[in-house]
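-14 is the number of the first residue of the first sequence in the working numbering; add one for each residue after it. For each residue, glycine too, the CB sits at the ideal point set by N, CA and C. Beneath this line is the structure, given in structure tokens, with notes to follow.
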Amino acid sequence: MTAPRVRFAPSPTGYLHVGGARTALFNWLFARHTGGTFVLRIEDTDRERSTDAHTQVILDGLGWLGVEWDEGPFFQGEYGARHRADAERLLAEGKAYRCFCTREELDAQRARAEAAGGAFRYDRRCRRLGAPEIAARLESGTPFTIRFLLEDSEIAWEDAVHGRISFQGRDLDDFVILRSDGTAIYNLAVVSDDIAMRISHVIRGDDHISNTPKQIALYRALGHEPPIFAHVPMILGTDGKKLSKRHGATAVGDYQDEGILPAAMRNFLALLGWSPGGDREILAEDELVRLFTLEGIQKKPAVFDTTKLEWMNGQYLSALPAAELVPAVARELERMGIPATERDLAPVVDAVKARSRTLLEVAERVAVRLEPSRAQLDGKGEALIRKLGPAFSANLTRAADALEKLPGDSWTPDPILDTLKQVAETHALKLGDAMQPVRVALTGSTVSEPVNELLSVIDRAAALARLREVARRSATA
RNA sequence: GGCGCUAUCGUCUAGGGGACUAGGACGGGGCCCUCUCAAGGCCCAAACACGGGUUCGAAUCCCGUUAGCGCUACCA
-14 MTAPRVRFAP SPTGYLHVGG ARTALFNWLF ARHTGGTFVL RIEDTDRERS
36 TDAHTQVILD GLGWLGVEWD EGPFFQGEYG ARHRADAERL LAEGKAYRCF
86 CTREELDAQR ARAEAAGGAF RYDRRCRRLG APEIAARLES GTPFTIRFLL
136 EDSEIAWEDA VHGRISFQGR DLDDFVILRS DGTAIYNLAV VSDDIAMRIS
186 HVIRGDDHIS NTPKQIALYR ALGHEPPIFA HVPMILGTDG KKLSKRHGAT
236 AVGDYQDEGI LPAAMRNFLA LLGWSPGGDR EILAEDELVR LFTLEGIQKK
286 PAVFDTTKLE WMNGQYLSAL PAAELVPAVA RELERMGIPA TERDLAPVVD
336 AVKARSRTLL EVAERVAVRL EPSRAQLDGK GEALIRKLGP AFSANLTRAA
386 DALEKLPGDS WTPDPILDTL KQVAETHALK LGDAMQPVRV ALTGSTVSEP
436 VNELLSVIDR AAALARLREV ARRSATA
């Protein structure tokens, strides 16, 4: 058996949505798992809505996710000649026919059918046109489309995720394959391209199930065996409706901006509508590739709920090596208008590594940088706050408030610890909770993991900034 | 309306006739951790849509009902 060839074929009419991203991911995972080839094809035939900017966003999004293609990107718009040739071949072989009906006539027929409560099916009136009549219309330059002649018989296939699915030809109608301007309609273009690119497995969204019988008919009429189809379930919003813009962030770029790590996104998306079986949740890239099979794909739609994504992101964040974390944090601070470059953060890393200075010292240094930006943190810094942890949480606030009594010049660890103990007692807090935000920074305690320490320090820095403010206030008062 | 797909905790899911007192994870609630953390540990609440079959036995197989979703264009 030859290696599979799969493709992801987005249309550049919007951003890369999580649904599309997941479809791409599944195709990529399948290709990697089977040693196959992953082809990227941009379906830009809808000239009205397609833009280069959107194409770039899609390419960037896939790159960010780590989904790299083996062939392409190909642009469907470049294959118009082949599409037309296929349509004309079908016409010549009597498998398709010219339709001279105007859009208005068709709309009227459709309206009538709907008013009568029935389904609209093209009545094939143009197929009954005699040769002289056709010649006359051609002569007069009447515009026409080419319609595919769909036989009334069962069309069924063994779907890799749903099992056998079948349609009756009589429920479908003679659909248009070539517009009057000579460009191909989606169903023809896809089949023509998938044949030309020798695609063996079509892994795409559930919403294409109803297109599949038409495409299978086209494959056969064109003299080719249809590929294996795998229709993956839709992704829904939290209200159970098809995911759309009104559900908030649905483009992968949105999550990139919120500090979601690509690995976390990839892991989360892979588990949306697919499961390796068992209890595994956190799966590295190579494990995903090793475990991925079409059989593991779910039949029912999945709700896109970012709560678990955020948890998963935390898992990946804490596992990230310091070397990768520092640039990430620096970039994030920078993006928020806080002037922290990698160079600024370097002393922090050094201190943590060397343990030569107390962490308090380090923390204060960072705090200076954070302090002037607190106003910004309140507004658009939500993502960072989440990222930097619970330094802003209620227990800190309570502890800080109680610390107001502290004299301004007693910034040594021990009195603060004592105070914290009192705070805990007074407020019926657990000591651990009360001192949690400042513990490491104040005691300069040993650390087990430099990576975690770096972020802890930044946490504490923010906490310290506040504590100092409080202390200063009470000192002057 | 027609056609199609789907149906396990709020969410992601495991399960594929007896191992089910239906498991895990997120989220929620509670408790523990004074060398940290976005972490960890322990406990609790929380689901097989409904009705019929088949079978000694059904979350698992079949049929129906209901509900949700998708498609129903000279869009993709």
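| message | What residue range does the alpha helix (DSSP H) around S185 cover? | response | That residue, S185, is in no alpha helix (DSSP H); it is neither H nor E in DSSP.
| field | Residue from S177, L50 and G190 with nearest C-alpha to A66 | value | S177
| task | Can you say whether W54 is buried or exposed, counting buried as having 16 or more other CB atoms within 10 angstroms of its CB? | result | buried
| query | Can you tell me the Cα-Cα spacing of F152 and G244, whole angstroms? | reply | 45 angstroms
| query | To which residues does DSSP link F160 through a beta bridge? | reply | According to DSSP, which records beta bridges pairwise, F160 is partnered with nothing at all.
| Distance, Cα to Cα, N298 vs Q283? | 23 angstroms
| Is it the case that the Cβ atoms of R(-10) and I184 are separated by a distance below 7 angstroms? | yes
| field | Residues that DSSP places opposite W54 in a beta bridge | value | W54 is not bridged to any residue.
| query | So, is I267 buried or exposed, given that buried needs 16 or more other C-beta atoms within 10 angstroms? | reply | exposed
| message | Between which two residues does the beta strand (DSSP E) holding D192 run? | response | Looking at the DSSP string, D192 is not in any beta strand (DSSP E), and its letter there is neither H nor E.
| query | Hey, A287 and G262 are a contact pair by Cβ (cut 8 angstroms); roughly how many whole angstroms apart? | reply | Actually they do not touch by this definition, with Cβ atoms about 16 angstroms apart.
| field | Buried or exposed by the 16-neighbour rule on C-beta atoms within 10 Å, applied to H68 | value | With 16 or more other Cβ atoms from the protein chains shown falling within 10 Å of its own Cβ, H68 counts as buried.
| Straight-line gap, Y0 to K285 (C-alpha atoms, nearest Å) | Roughly 25 angstroms separates the two Cα atoms.
| said: So the candidates are A101, D108, D71 and D242; which of them puts its Cα closest to the Cα of I170? | reply: D71
| What separation, rounded to the nearest whole angstrom, lies between the Cα atoms of L294 and F59? | 32 angstroms
| request: List the endpoints of the continuous alpha helix (DSSP H) containing A215. | output: Segment I213 to V217 is the beta strand (DSSP E) holding A215; no alpha helix (DSSP H) there.
| Between the CA atoms of N196 and R265 - distance to the nearest angstrom | 35 angstroms
| Taking DSSP as the reference, what is the three-state secondary structure of V146? | Under the three-state reduction of DSSP, V146 is assigned to coil, being neither helix nor strand.
| request: May I have the straight-line CA-CA distance separating H2 from V42, to the nearest angstrom? | output: 10 angstroms
| DSSP beta-bridge partners for W259? | I282
| query | Which value, in whole angstroms, describes the spacing of the CA atoms of L135 and A100? | reply | 25 angstroms
| query | Looking at the structure shown, is A236 part of a helix, part of a strand, or coil, going by DSSP? | reply | strand
| Close-in-space but distant-in-sequence residues of the same chain around T168 (CB under 7 angstroms, 5 per side omitted) | For T168, the CB contacts under 7 angstroms within the same chain, skipping 5 residues up- and downstream, are T30 and G65 in chain order.
| field | Residues that DSSP places opposite F289 in a beta bridge | value | F289 is bridged by DSSP to nothing; it lacks a bridge partner.
| Between I180 and L302, what straight-line distance do the alpha-carbon atoms span, to the nearest angstrom? | 43 angstroms
| Measuring CB to CB, does D137 end up less than 7 angstroms from G154? | Contact flag set, yes.
| query | What alpha helix (DSSP H) runs, 4 residues minimum, are completely inside the segment 19 to 97? | reply | 37 to 50 and 65 to 77
| Going by other Cβ atoms of all chains shown within 10 Å of its Cβ, with 16 needed for buried, is H463 buried or exposed? | Here the chain covers residues -14 to 462 and nothing more, so residue 463 does not appear.
| Whole-angstrom C-beta distance between A255 and L273, which should lie under 8 angstroms | About 5 angstroms; that satisfies the 8 angstroms criterion.
| field | Beta-carbon spacing of I201, P212 below 7 angstroms | value | no
| said: Using only CA atoms, which one of E124, R132 and A120 lies nearest to R110? | reply: R132
| task | Could you name the residues that DSSP lists as bridge partners for S151? | result | A141
| Residues sharing a beta bridge with I131, DSSP | R83 and L163
| said: Can you tell me whether K199 is helix, strand or coil according to DSSP? | reply: helix
| DSSP bridge partner residues for R(-10) (one or two, in chain order) | As a beta-bridge residue in DSSP terms, R(-10) pairs with T22.
| Assuming R88 contacts F129 under a Cβ cut-off of 8 angstroms, what Cβ separation, rounded to an integer in Å, is found between them? | That pair is no contact at about 12 angstroms.
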